[in-house]
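Respectively, the protein sequence lines represent chains A and B.
Numbering follows our numbering, in which position 36 of the first sequence is assigned residue number 36; successive positions increment by one, without gaps.
Counting the second sequence from 1 gives a position; our numbering is that position plus 80.
Note that CB positions come from ideal geometry on N, CA and C, so glycine has one too.
As the structure is a computational prediction, the values presented were derived from the model and not from experiment.
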Amino acid sequence: MPTADQTLDEILNLAASHFKVPRQKLSPDEDFFKALGIDSLQTLDLLTKLENHFHVELPDYELQGVTDFRTLAVKIQSRL
Amino acid sequence: MLDLRKYSCLGAALRDALDRFSSEVCLIEADRDREKVRLTYSDFKEIALPLARALEDAEFDPGDRAAIIMTNQSKWLISAYAIFYCGGVLVPLDYKLTAAEHLQLLAHSKAKVLVVEYHLWRAITQSPEFPRIATKIVLVTESPLGSDLAGGFRWEDFKRKGAPDFIERQREDVACIVYSSGTGGRPKGCVLTHENYLEQCIALTTWYPFWPGVRYLSILPTNHAIDFMVGFIGPFVCGACVVHLRTLRPEFVRDAFVRYRITYVSLVPMIVKNLERGLRAKFDELPKWKRAILDSLIATNKLLTSRRPNVKLSRMLLPGVHRAFGGELLALITGGAFMEPSTMQFFYDLGVPVVNGYGLTEAGTALTLNDLKPFRADTVGKPLPGVELRILNPDADGVGEVAAHSKTIMSHYLDDPELTLETIVDGWLLTGDLGRFDGRGHLQLFGRKKNMIVTEGGKNIYPEDIETVFDGLPVKEYCVFAANYIWPKKELGAETLTLVLRLEPNQQLDSKLLEDISSRNRKLPDFKRVGGYLVWDKDFPRTASMKIKRQVLAEEISKAAERTAIVGL
């Protein structure tokens with residue numbers, strides 16, 4: 001099982017590549033809506049990509065109120 | 081469909097619908113690609129009546145209020161019916177609010193009963209304000225067996241044998257209290273009567289009838305006025321079927337169209353634009369020759385349907401596109417927020433009519449709707465049957481505030497006679513929206529007179545409601561405005577909120593203060609965030625009771641500064 005830091009790093013890599021944003025521009029505590037310039041539906045798209053990558057299933061409500069990569073990583077890590 | 085003119089209340093109409101259409105499927109609930117529930121009207125009744133009986137036994141009396149905080153699912157509608165059956169008043173709350181906001185509205189509405197999903201209830205019980213909750217009966221759905229429900233009951237176990245007594249209500253009795261805003265300061269609970277809903281349903285189904293066999297995809301939250309009417313009351317009184325999808329993931333939404341051969345769906349602009357992006361991307365992937373054929377078929381369809389839609393013809397011309405929508409889609413219904421005309425035109429040209437409308441919670445559901453005779457992307461349609469609209473104090477272009485008179489207009493704001501008097505004047509609802517009629521009786525909207533924005537997701541955001549997040553900000557004073565309220569624009573869309581700051585004498589707007597502002601802003605849900613700030617160099621005008629005179633301040637700012645003075649956050 002990946003460590004929490006590895007999970008976070010993989011999320012940042014995936015987000016950068018999916019939304020074509022330079023990886024170095026993303027930081028763990030950053031607001032991903034702003035950093036990626038995405039709306040809440042596109043965030044759901046990202047979540048699907050992450051689910052497929054980590055082989056977990058997160059209900060939509062788990063994402064409610066989550067706005068930064070670190071919290072997202074915690075949610076995913078808890079289901080690994 | 082049922083003849084709603086004969087009914088005095090929603091409960092009676094729904095009760096008759098359950099008997100009349102007993103063998104038809106009324107509800108399908110799917111989670112992603114997994115179908116979880118499929119109920120006929122008869123099944124629905126069998127689940128709802130024991131719940132109604134249990135509510136009666138728990139002394140939930142006629143006129144008592146019951147709140148629902150749930151995502152779209154079968155138990156939402158079943159609970160709502162049981163509440164109406166007992167003569168109760170339904171308080172549908174937005175499940176996306178925070179726990180503190182839920183508790184605030186539960187207290188304001190004085191709800192005696194709460195029906196809530198387990199994960200939402202858990203969040204509420206963890207709120208510091210939870211110990212003050214006054215709601216007596218809490219029914220928690222989908223809770224794991226043996227979980228601590230903090231005094232609540234498992235919804236699934238809350239049932240009693242024996243026939244409950246049906247409580248008939250009169251048309252003027254309250255059916256629902258729907259909050260249009262006000263979680264931060266002054267809750268705006270729209271008190272809507274049974275007459276409001278019955279008349280709204282008659283008006284809508286006159287233009288867009290449902291029938292057994294119609295499948296309506298319910299994606300907008302059911303607490304929202306549109307989905308409550310078009311995704312519950314409307315389909316049920318016509319014997320149609322509602323499909324609940326417990327996710328908004330675009331790929332599953334697309335899949336649901338095909339899997340359930342959807343007939344109608346209501347969408348907010350954000351989702352319609354997402355669908356448009358997906359289709360355009362697919363079109364762009366086509367080889368050049370295929371793309372050329374597609375473009376010519378789209379042009380042919382556009383020409384042949386310019387006067388009115390012809391979905392049969394469109395399905396023949398563009399079968400691939402229509403298969404992607406399930407092959408039976410008759411229209412996309414939109415409303416609740418500004419929709420770009422180009423997006424609507426894109427779908428119409430593909431043979432998927434977009435029915436654009438305009439309404440507000442205070443007016444029931446919709447005041448105007450496009451009748452597609454012909455399709456118009458540049459208007460919000462014509463007044464629905466029974467709706468009178470006036471343009472107040474029109475300017476030289478004919479643009480003024482839209483006022484509405486109809487049997488669908490709410491009775492009043494809960495416990496706020498002052499706001500009610502300001503909003504409903506001589507029986508006319510002052511909408512705060514600016515519009516004009518064109519020569520063909522279509523309403524065109526041009527912006528807002530009121531200090532608020534509507535997001536692409538259909539959310540009404542009032543500045544007063546989000547100001548509390550900046551409480552304690554180390555500045556002399558601050559105030560949040562809709563930018564268009566300060567600098568009125570005769571157009572809708574791209575609405576943003578602005579934080580106006582008055583610094584202390586000799587105070588500088590340094591990076592520490594900016595970080596403080598950004599960090600507070602991030603505590604708000606993404607759709608409620610302030611888009612920029614503006615530093616103001618004068619004290620804010622205030623009333624004798626020290627309330628900010630917002631309109632006066634907005635006028636002062638607009639005279640002294642341009643919109644470009646806003647600095648993005």
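Residue i and residue j closer than 8 Å at C-beta
i, j, result
"B:A641", "B:L614", "yes"
"B:L412", "B:L347", "yes"
"B:I471", "B:G461", "no"
"B:V294", "B:L272", "no"
"B:Y87", "B:E104", "no"
"B:T215", "B:A191", "yes"
"A:T67", "A:F32", "yes"
"B:N473", "B:T459", "no"
"B:I342", "B:L90", "no"
"B:C270", "B:E442", "yes"
Check: residue i C-beta below 7 Å from any heavy atom of the ligand NAP
i, result
"B:G314", "Summarising the ligand content, the structure contains no ligands, and the ligand NAP is consequently not present."
CB contact below 8 Å: residue i versus chain B
i, result
"A:F19", "no"
"A:D60", "yes"
"A:S40", "yes"
"A:F69", "no"
"A:F33", "yes"
"A:T48", "yes"
"A:L14", "no"
"A:Q64", "yes"
"A:L72", "no"
"A:L26", "no"
"A:D9", "no"
"A:L44", "yes"
Reduced DSSP secondary structure (H/G/I, E/B, other) of residue i
i, result
"B:V482", "strand"
"A:H53", "helix"
"B:S227", "coil"
"B:S103", "coil"
"B:F164", "helix"
"A:I38", "coil"
"B:K608", "helix"
"A:G21", "First, the amino acid is wrong: residue 21 of chain A is Val here, not Gly. Coil at A:V21, not helix or strand."
"B:P172", "strand"
"B:A243", "coil"
"B:F233", "strand"
"B:N436", "strand"
"A:L10", "The sequence as given places Glu at residue 10 of chain A; Leu does not occur at that position. Correct three-state label for A:E10: helix."
"B:A336", "helix"
"B:G143", "coil"
"B:Y613", "strand"
"A:P59", "coil"
"B:G648", "strand"
"B:L452", "coil"
"B:G269", "strand"
"B:H304", "coil"
"B:E109", "strand"
"B:K603", "coil"
Inter-residue CB distance, residue i and residue j (contact presumed, cutoff 8 Å)
i, j, result
"B:A476", "B:T511", "Incorrect: roughly 21 Å between the Cβ atoms, too far for contact."
"B:I148", "B:P172", "5 Å"
"B:G552", "B:T578", "That pair is no contact at about 20 Å."
"B:E136", "B:D245", "7 Å"
"A:K75", "A:L58", "6 Å"
"B:L278", "B:L501", "Between B:L501 and B:L278 the Cβ distance is about 26 Å, and since that is not below 8 Å, they are no contact."
"A:F19", "A:I38", "6 Å"
"B:S227", "B:N540", "That pair is no contact at about 35 Å."
"B:L297", "B:I306", "Contact doesn't hold; Cβ gap of about 13 Å is too wide."
"A:R23", "A:L41", "Their Cβ separation, rounded to whole angstroms, is 23 Å, which puts A:R23 and A:L41 out of contact at 8 Å."
"B:C318", "B:T285", "7 Å"
is_contact[residue i, chain A] using C-beta, thresh 8 Å
i, result
"B:L328", "yes"
"B:N354", "yes"
"B:G358", "no"
"B:K539", "no"
"B:K608", "no"
"B:P244", "no"
"B:H199", "yes"
"B:T423", "no"
"B:E331", "yes"
Any C-beta of chain E under 8 Å from that of residue i
i, result
"B:P433", "The structure shown contains no chain E; its protein chains are A and B."
message = If we require 3 or more residues per run, which beta strand (DSSP E) segments fall completely within the segment 485 to 534 of chain B?
response = 508 to 517 and 523 to 528
task = Enumerate, from N- to C-terminal direction, the unbroken beta strand (DSSP E) stretches of 3 or more residues contained entirely within the segment 538 to 577 of chain B.
result = 557 to 562
key: Continuous beta strand (DSSP E) assignments of at least 3 residues falling wholly in the segment 385 to 446 of chain B   = 411 to 414 and 434 to 438
query = Which ranges does the alpha helix (DSSP H) cover as unbroken runs of at least 4 residues, wholly within the segment 171 to 204 of chain B, from first to last along the chain?
reply = 179 to 189
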